[in-house]
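Contents: one structure, followed by commentary.
Numbering (the numbering used here), first residue to last: 5 to 195.
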């Protein structure tokens with residue numbers, strides 16, 4: 005695992021040097037438990053594709069790929085590209101719950117309306133919410149809603165206080181009429 009984390013941090017550093025806001029997280033529960041995720045955020049798609057072109061010519065990236073080819077330490081899945089359609093994350097939060105729904109695009113407007121309801125419901129709580137949809141991914145009929153918390157304890161309190169409330173459960177029940185929750189995970193920042 006030391007080799008994996010060392011290479012993961014090298015990759016995040018390379019991405020950052022090319023303009024990305026990066027985050028390394030470990031899946032601590034749910035789908036993919038134990039996996040390491042690297043997230044790279046760009047302000048625009050053009051900024052991301054430009055960074056990708058520059059990275060391909062970066063000697064540090066070439067060395068990282070050579071090291072991986074000569075001594076594979078983990079399987080790489082991705083990259084996949086998503087765009088934010090609602091909300092925003094608090095960058096300093098360390099724990100995020102990701103819930104992914106199968107959702108037809110014809111139901112997107114209704115889903116955003118429900119996100120607005122959730123946003124109003126949690127406006128005074130220490131949670132931030134965002135939703136994203138795929139641009140280039142293995143599955144295109146999805147929307148992922150991400151709930152962001154300061155730490156693991158705040159996540160637990162948020163689930164107890166908000167997630168189990170009658171108001172939130174009403175929204176969840178209505179959401180089931182327009183989409184299907186098919187995977188969920190909790191990720192915790194590790195770098």
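Built from N, CA and C at the ideal position, the CB exists for glycine as well.
DSSP places residue 163 within a helical segment (H, G or I) once states are collapsed to three. Contact between the region 181 to 195 and the region 93 to 111 is established, with three or more Cβ pairs separated by less than 8 Å. With contacts defined as CB atoms closer than 8 Å, residue 179 and residue 118 qualify as a contacting pair. In the three-state reduction of the DSSP assignment, residue 22 falls in the coil class. A straight-line Cα-Cα distance of about 24 Å links residue 12 and residue 143. The beta carbons of residue 140 and residue 85 sit about 4 Å from each other, so the pair counts as a contact at 8 Å. Rounded to the nearest angstrom, the Cβ distance from residue 43 to residue 21 is 16 Å, too far for a contact under 8 Å. In this structure, residue 55 lies near residue 23, with their beta-carbon atoms less than 8 Å apart. By the neighbour-count definition (other C-beta atoms within 10 Å, threshold 16), residue 126 is a buried residue. Counting only runs that start and end inside the region 49 to 101, the alpha helix (DSSP H) elements of at least 4 residues fall at 49 to 60 and 63 to 74. Residue environment for residue 91: buried (at least 16 other C-beta atoms within 10 angstroms of its C-beta). For residue 94, the closest of 80, 41, 151 and 104 by C-alpha to C-alpha distance is 151. DSSP places residue 173 in the helix class (H, G or I) of the three-state scheme. If you ignore the 5 residues before and after residue 159, its C-beta comes within less than 6 Å of the C-beta of 99 and 153, all in its own chain and listed in chain order.
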